[in-house]
Amino acid sequence: MTMTPEQDDRERQMRADLETGFTDLDWAVGMVLCPAREKCTAGLRAVFKPLKTGRLPMHRGWLGEACSGARQKPTTPPLQLRPLAAPAVVPAR
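Residue 2 is where the sequence shown starts when you use the numbering used here, and the numbers rise one by one after that.
This is the structure in structure tokens:
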């Protein structure tokens, strides 16, 4: 399946957001991104629960090919929930 340039840009932006170390998804807290980036067979936005060794589990793409980032140490910190923005302070008149 080929993505349009707009879809590809959106995918890259979502990956860049995850690389900041923060997410809005509760279930993704503590998970890490694959260091293979665009070459990850599971996709740019795939997140993984690190093994006890701190390395990523084996993962494969749709066609069964192993990812070059599998069993490697992640290059990004474990995801945390994005902090809530402080409410804007309106000055008194």
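Glycine included, every Cβ here is placed at the ideal spot set by N, Cα and C. Please read these numbers as outputs of a predicted model, since none were measured by experiment.
Tell me which same chain residues have a C-beta within less than 7 Å of the C-beta of residue i, skipping the five on either side of it?
| i | result |
| --- | --- |
| Ala37 | Cys68, Ser69 and Gly70 |
| Cys41 | Cys35, Ala47, Cys68 and Gly70 |
| Pro75 | Val33, Leu34, Pro36, Pro51 and Leu57 |
Among the residues of its own chain, which have a CB less than 6 Å from the CB of residue i, if the five just before and after it don't count?
| i | result |
| --- | --- |
| Asp25 | Arg83 |
Use the C-beta contact count for residue i: other C-beta atoms within 10 angstroms, 16 or more gives buried, fewer gives exposed.
| i | result |
| --- | --- |
| Arg16 | buried |
| Leu45 | buried |
| Leu85 | exposed |
| Leu64 | exposed |
Going along the chain, which residues of its own chain have a beta-carbon closer than 8 Å to the beta-carbon of residue i, five neighbours each way excluded?
| i | result |
| --- | --- |
| Gly22 | Thr77, Pro78, Pro79, Leu80 and Gln81 |
Along the chain, where does the alpha helix (DSSP H) that runs through residue i open and close?
| i | result |
| --- | --- |
| Pro6 | Pro6 to Glu20 |
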